[in-house]
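Taken in sequence, the protein lines are chains A and B. Residue numbers for the first sequence follow the numbering used here, so the first one is 1 and each next one is one higher. Residue numbers for the second sequence follow the numbering used here, so the first one is 1001 and each next one is one higher.
Number of protein chains: 2
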Amino acid sequence: MPVYQAPVRDMQFLIHEVLKLQQYSDLPGYEDATPDVIDAILEESARFHEEVIAPLNRIGDLQGCTRHEDGSVTTPDGFKEAYQQFCEYGFGTIAMDPDYGGQGLPAVMALAIAEMTSSANQGFGMYPGLSAGAWRAIHATASEEQKRTYLPKMTEGKWTGTMNLTEPQCGTDLGLIRSKAVEQADGSYKISGQKIWISSGEHDLAENIIHLVLARIEGAVEGIKGISLFIVPKFLVNEDGSLGKRNPVTCGGLEEKMGIHGNATCVINLDEATGYLVGQPNKGMRAMFVMMNEARLGVGLQGYSSAEVAYQNALAFAKERLQSRSISGVKFPDLPADPIIVHPDVRRMLLDTKAFVEGARALTYWASLQEDLSHKAADEKVREKAGDYMALLTPIIKAYQTHKGYQGCNDALQVLGGSGYCEEWGMSQFVRDARISMIYEGTNGIQALDLVGRKLMQNGGRAWQSFFAEIDQFCVDNESVDGLGGHIDGLKAVKAMLVEATQWLGMNGMANPDNAGAGSHDYLHLFGITTQAYMWAMMVKEALPKAGDSDPFYRNKIKTGQYFLDRILPDADAHLAKLKSGADSMMALEVDDF
Amino acid sequence: MPVYQAPVRDMQFLIHEVLKLQQYSDLPGYEDATPDVIDAILEESARFHEEVIAPLNRIGDLQGCTRHEDGSVTTPDGFKEAYQQFCEYGFGTIAMDPDYGGQGLPAVMALAIAEMTSSANQGFGMYPGLSAGAWRAIHATASEEQKRTYLPKMTEGKWTGTMNLTEPQCGTDLGLIRSKAVEQADGSYKISGQKIWISSGEHDLAENIIHLVLARIEGAVEGIKGISLFIVPKFLVNEDGSLGKRNPVTCGGLEEKMGIHGNATCVINLDEATGYLVGQPNKGMRAMFVMMNEARLGVGLQGYSSAEVAYQNALAFAKERLQSRSISGVKFPDLPADPIIVHPDVRRMLLDTKAFVEGARALTYWASLQEDLSHKAADEKVREKAGDYMALLTPIIKAYQTHKGYQGCNDALQVLGGSGYCEEWGMSQFVRDARISMIYEGTNGIQALDLVGRKLMQNGGRAWQSFFAEIDQFCVDNESVDGLGGHIDGLKAVKAMLVEATQWLGMNGMANPDNAGAGSHDYLHLFGITTQAYMWAMMVKEALPKAGDSDPFYRNKIKTGQYFLDRILPDADAHLAKLKSGADSMMALEVDDF
């Protein structure tokens, strides 16, 4: 049975020492988030996720969800009770708006808890996770009346939410949506169509499910400019807030998937289901983007969360499994062989993952601070800059971290060798579950295109210019910090490559957009490595003065930072070289000649 | 339902035009392998694998194998009939020794067919695959009487073979084997112990199963110097060759695995089973290495074979799936959207895989020619050099190709997006099946250690010196070939890096063996890229004069070669940089501080 231990110490280091959350007490909600409160929440959440959620992970994989003849869906044994406890603790409400029942605490606290849920049980975590996404879309775009009707129950977790986007003929290209909405005399709509791959689309955890559905109002123009967003509740809500009649929005089937078996991935059939327009007609995509941007941050979090738990289990194995002797001499002469953690190549797999996970956690938490600043800061300039960073970094966090996180899970499986390939050890599940994160909420290829085709250009490149300037300033400010030189040099070098790549895209992407497309993946990864280099420099800077502490945490952080410089940073050059080769060889083959 | 089309054209190109097999007609068996014969075999095999073996792939995944209460094992529906046909066609006997019923044809022909079997159905292919490994071990190390008793039936496929190495406490480190052999009055042994992860260990395809078992003769020294090899038949063989009594070597259970469900991975219990010593007592490891070296070539072949079939299915999807418009302008205005193969990033995933697969196929076939030369060439110098190459390249072929092949399967899955994650499309199976190849027959980490710790050193570095000299000579000979300049430059550059890395290892691996271990993975990958660069240069050289041919094959080969230079070769630098960072940051963390 795989284990999970929430990395509370690393979370505390980031929140208290790197982000220095206490310095933001002027932000609404932050004044309540004293270090003591934060630590208490983290520790309570850690205990709950280790003891209640993690043990359900393998059950979820083995049992999966069951659809019954009436279209109802049962989640795996224990999920319902665990979800109820999850709600009672209020783990889903941490950063939600107090006006609708939330706790209004810093976003980073919500992320730290979401990380624990995702590491402990990705399939389970998607129920509150998707619900939070729907919550945010409603919060950002619905009318006050709609918010009052749906949000408080969703905050409590009594109702959950979903996002119904994909149809059989359209995944990425939502302009091809066919689901149809017909306006009724009372202002509501009758919605018909079929949606697929709807995560948490039907289940037995909550009393009601609030589906957010993209559909085309009869007569709307073709393409994405004719798409509107609707609230389609499983049970209609009476004026007094009680549940009314069952809406014909039903689960037509469950997908058999590679992983995340604990989550119900549904075909959703809408059969003249009653829906309520959210926001303006034909502006559905804009609402979806609001929600998707933050949901993508959550998927980037899944990327490293999977790698974290897979790493923990690989580490435990590597300390226990005795096999062969160290090539630099016997290390444990009393044992029949040395534990495999003495072997450099086993350490390589562990440290690649450890260094990535810690850097990714830092970036994700840092981004969530930007998220709060973008909404809550008093100074408009601060809000703008933070909003720019969020927009710029979201595709990087989503794609880079799910890509590397999946690699981390695979490295962790590899540490176990043949045991890793046998299901009973649980490593296969981590790999199979993690694989989806590279796909959903916009494939990683779409993230790369979003970065080079949209985010770089927005506001004349204001976001990347400001981010690059921040890195430059950091380097200037810390150039003479003792022991940080390697990190400053590494950060400067990789940032220079990123500048070169950005300029190359500017010159060549205009001349031929295929150059931008052909370089998008490598550009995103080069950017990802640069953000990691920045985070590692920040973390090591905080750790250096405490290197002599009795707690080895700081020394280990410095050592892991050195590993990042030696073993991950060098990947940057290849990305730049590939990008600069342009689109020619990528587009040379005719379609029929592949 | 996934499809498979054997890449006969590419195989012919390699065999006839790149390897120029007809030039080796002085080798035994090669005189019969005229181009016509080769083409006929390839085409017959292609038809059989496409029509009979490939359709059983998904059935194998869904049904898996079933162990019954008496320990017998049933393979998935259709496997038994297909295996019978496979044997009737003689597809398993192509390169086997005619003295024992084989066809004695060139090894490359056996590999081409094994590639088809592996692409079409990896789980199925492991039954004849493992059997061929056992065949080779017996052929290389057993007595003439043993060979006469077992090989002819194994050649026919009426009997199959296995390799019983692993035990619960020992995988990589076979010195820890506990299975015990006690000599009997008649010279046979009684063998007791438990073996795990025995592929094809029990099944209903053959009349008898010849287990090769590593065990320790009572009183033998500890460690690998006390390990002997035994033949342990499922049914003892009477003097007249008929089957005698059931030997107590039984399947105690089947593993639940991430993939290759169609293959029975068995716990094998030996309960005073009768076994016959193969070769000298305590020399079992040497016999196992003979077999493993060639088996590792077969696993390297699986690596690219998985990627080949996954690529084919991703390609078919990419040509059909309509989603979004090309960023460089609408390509198919009559369709509601362009097929996704117009998008550069989709092409990136396809071409990364295509370029890898074609390079890996070339290297694998080239190595199999070396295998034949090492056994069959008249000139001892030729035999020696070819043997050196085989020894040197085997770990590279095994580890580099399974690593990249798994990436290729993942890229192929990614092309399908959400469909790739749903089991019904079959891409998940390709990924799950391919994952094992990085682990079995020696994990990829062990291959890397074999390369830097053993193969580089053997005979004072004779193998790599001779291989590097061959590359230098190729560059000199072809420097002025019109259109080949990019490949010559690329090959020279990457080979120079490999020389630098080799020297670095020589200097620093002696001083501290952990430096060799820490760099082993990156060294192997740098070597892998170098071999690919050599193969691509060879292939493009052959294709260039035919670029004007009406068959677009040659032009496409040249274009794919350019893609290799632009998009795969640049990975070399990072491997060199990582290697040269040495062991310090990898070994810095104390075991308890991870």
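For each residue, glycine too, the CB sits at the ideal point set by N, CA and C.
Apart from the five residues on each side of it in sequence, which residues of its chain come closer than 6 angstroms, Cβ to Cβ, to residue i?
| i | result |
| --- | --- |
| Y30 (chain A) | Y24, P106 |
| S374 (chain A) | R383, A386, G387, M390 |
| P128 (chain A) | G92 |
| R1136 (chain B) | M1291, E1294 |
| Q447 (chain A) | P395, K398, A399 |
| Y1563 (chain B) | L1351, A1355 |
Answer with buried or exposed for residue i, where buried requires no fewer than 16 other C-beta atoms within 10 angstroms of its C-beta.
| i | result |
| --- | --- |
| E167 (chain A) | buried |
| S131 (chain A) | buried |
| R1432 (chain B) | buried |
| M1390 (chain B) | buried |
| L335 (chain A) | exposed |
| A40 (chain A) | exposed |
| G1009 (chain B) | The question names Gly, but residue 1009 (chain B) is Arg in the sequence shown. Counting Cβ neighbours within 10 Å, R1009 (chain B) comes out exposed, since fewer than 16 surround it. |
| D173 (chain A) | buried |
| A1378 (chain B) | exposed |
| N1263 (chain B) | buried |
| H68 (chain A) | exposed |
| R246 (chain A) | exposed |
| M1539 (chain B) | buried |
| N238 (chain A) | exposed |
| R1047 (chain B) | exposed |
| T1250 (chain B) | buried |
| G1125 (chain B) | buried |
Kindly list the residues whose CB is nearer than 8 angstroms to the CB of residue i, restricted to its own chain and excluding five residues on each side of it in sequence; keep chain order.
| i | result |
| --- | --- |
| E156 (chain A) | C87, T93, G101 |
| N1478 (chain B) | L1484, I1488, A1537, K1541 |
| N282 (chain A) | I217, A220, V221, K225, G226, I227, S228 |
If you drop the 5 nearest sequence neighbours on each side, which residues of the same chain put their C-beta closer than 7 angstroms to that of residue i?
| i | result |
| --- | --- |
| D1388 (chain B) | R1462, A1463, S1466 |
| N1512 (chain B) | A1583 |
| G78 (chain A) | L56, I59 |
| M1109 (chain B) | A1033, I1038, I1041, I1094, A1095 |
| A516 (chain A) | V452, G453, L505, G509 |
| C409 (chain A) | S306, A307, A310, F430, V431, A434 |
| G1090 (chain B) | Q1103 |
| Q1184 (chain B) | K1190 |
Does the Cβ-Cβ distance between residue i and residue j come in under 8 angstroms?
| i | j | result |
| --- | --- | --- |
| L270 (chain A) | G161 (chain A) | no |
| F235 (chain A) | A307 (chain A) | no |
| A1295 (chain B) | S1228 (chain B) | no |
| M258 (chain A) | S1428 (chain B) | yes |
| Q312 (chain A) | Y4 (chain A) | yes |
| K376 (chain A) | P98 (chain A) | no |
| I1231 (chain B) | A1215 (chain B) | no |
| K354 (chain A) | F1594 (chain B) | yes |
| I260 (chain A) | I198 (chain A) | no |
| Q606 (chain A) | M1438 (chain B) | Shown here, chain A extends from 1 to 594; a query on residue 606 (chain A) therefore has no answer. |
| V1636 (chain B) | I1138 (chain B) | Outside the shown range of chain B, which is 1001 to 1594, sits residue 1636 (chain B), and nothing can be said about it. |
Checklist entry - Relative to chain A, which residues along the region 1056-1076 of chain B have a C-beta separation below 8 angstroms, given in chain order? => result Of all residues in the region 1056-1076 of chain B, none has a Cβ within less than 8 angstroms of some Cβ in chain A.
Proximal residues, the region 101-121 of chain A versus chain B, C-beta separation under 8 angstroms = The region 101-121 of chain A vs chain B, Cβ under 8 angstroms: nothing.
query: Taking three-plus beta-carbon pairs below 8 angstroms as touching, is the region 1203-1211 of chain B in contact with the region 361-377 of chain A?
result: Taking 8 angstroms as the limit for Cβ pairs, the verdict is that the region 361-377 of chain A does not touch the region 1203-1211 of chain B.
#### Entry: Residues of the region 344-362 of chain A whose Cβ lies closer than 9 angstroms to any Cβ of chain B, in chain order
Those would be P344, D345, V346, R347, R348, M349, L350, L351, K354, in chain order.
Quick one, which residues of the region 1170-1182 of chain B are near chain A if we go by CB-CB under 9 angstroms, in chain order? Listed in sequence order: C1170, G1171, T1172, D1173, G1175, L1176.
- Contact list for the region 243-266 of chain A against chain B, Cβ threshold 7 angstroms: Those residues of the region 243-266 of chain A that come within reach of chain B (Cβ to Cβ, closer than 7 angstroms) are E255, E256, K257, M258.
The region 1296-1330 of chain B: which residues have C-beta closer than 7 angstroms to a C-beta of chain A, in chain order?
Cβ proximity to chain A below 7 angstroms picks out L1315, K1319, Q1323, S1324, I1327, S1328 from the region 1296-1330 of chain B.
Next item on the list: Output, in sequence order along the chain, the residues in the region 1001-1012 of chain B whose CB is closer than 7 angstroms to any CB in chain A.
Entry: Residues: none.
task: Would you list, in chain order, the members of the region 1445-1460 of chain B that have their beta-carbon closer than 8 angstroms to a beta-carbon of chain A?
output: Contacts with chain A (Cβ-Cβ distance below 8 angstroms) from the region 1445-1460 of chain B involve G1445, A1448, L1449, G1453, listed in chain order.
Could you tell me whether the region 1566-1574 of chain B touches the region 1528-1536 of chain B, where touching means 3 or more Cβ pairs closer than 8 angstroms?
By the C-beta criterion, the region 1566-1574 of chain B is judged to be in contact with the region 1528-1536 of chain B, since at least 3 inter-stretch pairs fall below 8 angstroms.
Contact residues within the region 522-551 of chain A, judged by C-beta distance below 8 angstroms to chain B: Against chain B - using a Cβ distance shorter than 8 angstroms - the region 522-551 of chain A contributes no residues.
If you pair each beta-carbon of the region 336-355 of chain A with each one of the region 316-326 of chain A, do three or more pairs fall below 8 angstroms?
Output reads yes: the region 316-326 of chain A touches the region 336-355 of chain A.
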